[in-house]
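Engineer: Here it is, the structure in full.
Numbering (our numbering), first residue to last: 2 to 175.
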């Protein structure tokens, strides 16, 4: 089978431009937030607003309270561990290799239901919300685990979440 394909001249910048971004293992901005350890792998500032990527280590029992986003869609890909994911009014069991797409305005959240820390990359479209971790997270202490947060640590974040167009939608709103 033969194809007639027009190939750009070697002077075309598509041959040589190097606009891709390579982030190595262990690189990125790492913060502790609500008991999780999250690394911002790439931010909206680096992708002209198109994408933000987080990689989170979630301890057993940890995760994100149910909420919805007003500006971004989210996609999750489970690398390790076992999760319960909230998708609207349903709860899904999810494990390694599972993928979850959450469009903006959709109630969602997750919890590590396993006995070991779990790894969960999150993709934000468009990027921007990853700045929440950078601005509100705690710098990790080498050799220590992220502290579990209680209501007194979480309460100041509610106003900041509102600025990020995030609405909390927990099961028990009290």
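The C-beta atom is built at its ideal place from N, Cα and C for all residues, glycine as well.
With a threshold of 16 other CB atoms inside 10 Å of the CB of residue 75, please say whether the residue is buried or exposed.
Structural biologist: buried
Engineer: In or out: residue 54 buried (at least 16 other Cβ within 10 Å) or exposed?
Structural biologist: buried
Engineer: Assign residue 160 to buried or exposed, taking buried as 16 or more other Cβ atoms, counted over all protein chains shown, within 10 Å of its Cβ.
Structural biologist: exposed
Engineer: Name, in chain order, the residues that DSSP records as bridge partners for residue 16.
Structural biologist: According to DSSP, which records beta bridges pairwise, residue 16 is partnered with nothing at all.
Engineer: Classify residue 91 as buried or exposed, calling it buried when 16 or more other Cβ atoms lie within 10 Å of its own Cβ.
Structural biologist: exposed
Engineer: Taking a contact to mean a Cβ-Cβ separation below 9 Å, would you say residue 130 touches residue 70 in this structure?
Structural biologist: The criterion of a C-beta distance shorter than 9 Å is satisfied by residue 130 and residue 70.
Engineer: On the three-state DSSP scale, how would you describe residue 124?
Structural biologist: In the structure shown, the three-state DSSP call for residue 124 is strand.
Engineer: What's the C-alpha gap between residue 105 and residue 58?
Structural biologist: Cα to Cα, residue 105 sits roughly 23 Å from residue 58.
Engineer: Taking the runs of the beta strand (DSSP E) that are 3 residues or longer, which of them lie wholly in the segment 44 to 100?
Structural biologist: 53 to 59, 64 to 70, 74 to 78, 84 to 88 and 91 to 95
Engineer: Hey, quick one: how far does the beta strand (DSSP E) through residue 1 stretch, first residue to last?
Structural biologist: No answer is possible for residue 1: it lies beyond the span of the chain, which begins at 2 and ends at 175.
Engineer: Just grab the DSSP bridge partners of residue 107 for me.
Structural biologist: The partner list for residue 107 (beta bridge, DSSP) is empty, contrary to what the question assumes.
Engineer: Residue 42 by DSSP, collapsed to three states: which one?
Structural biologist: Strand.
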